[in-house]
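Engineer: Pasting in a structure now, in structure tokens, and then I'll have a few things to ask.
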Amino acid sequence: MSQPGDILRAVVGPLGYPITRDTLPPPDTVRWNARRKAELLLAIRAELISLREAVALYKLSAEEIAGWLSLFERHGLDGLKTTRAQTYRPAKSRRVQTPSQPFGQTSQSAIP
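97 is the number that this note's numbering gives to position 79 of the sequence shown; each next residue is one higher, with no gaps.
Here it is, written out as structure tokens:
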């Protein structure tokens with residue numbers, strides 16, 4: 019939080035509104051939607067908050083934030099949406115049952 023006498027710095031957020039330390043998501047944030055993730059990433063990039071502070075304040079891992087940053091840089095705000103996870107994240111192979119095999123037997127294949 020800003021203190022009296024502090025110079026207020028701001029960065030333009032993902033929706034075009036200014037972000038300051040005071041407008042960052044609250045420390046008890048549990049649901050990280052795409053807008054909140056982007057606001058935090060932009061604040062870190064603009065040095066409104068350090069990565070170390072963000073990790074401690076929001077109880078996130080540096081790896082999680084780095085993953086968000088990678089998706090945001092490659093795909094923008096849409097890359098941070100959990101509903102788009104299959105579109106923007108690498109596919110993992112899963113075990114699936116194919117109709118040609120007897121029940122209970124599975125084969126290894128990637129599902130698009």
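Every residue gets a Cβ at the ideal spot worked out from N, C-alpha and C, and that includes glycine.
With DSSP as the reference, identify every bridge partner of P32, one or two as the case may be.
Structural biologist: Note: P32 sits in no beta bridge, so no partner.
Engineer: Nearest CA to the CA of A80: which residue from R92, L69, F90 and T38?
Structural biologist: Residue L69 is the option with its Cα nearest to A80.
Engineer: Can you give the Cα-Cα distance for E65 and E71, rounded to whole angstroms?
Structural biologist: Approximately 11 Å between the Cα atoms of the pair.
Engineer: Where does I83 fall in DSSP's three states?
Structural biologist: Helix.
Engineer: Measuring CA to CA, which of I37, K77 and K99 is closest to R63?
Structural biologist: Out of I37, K77 and K99, I37 has the C-alpha closest to the C-alpha of R63.
Engineer: Going by DSSP in three states, I67 sits in which element: helix, strand or coil?
Structural biologist: The answer is coil: DSSP assigns I67 none of H, G, I, E or B.
Engineer: Among A74, A28 and L78, which one has its Cα closest to the Cα of K55?
Structural biologist: The shortest C-alpha separation from K55 is found at L78.
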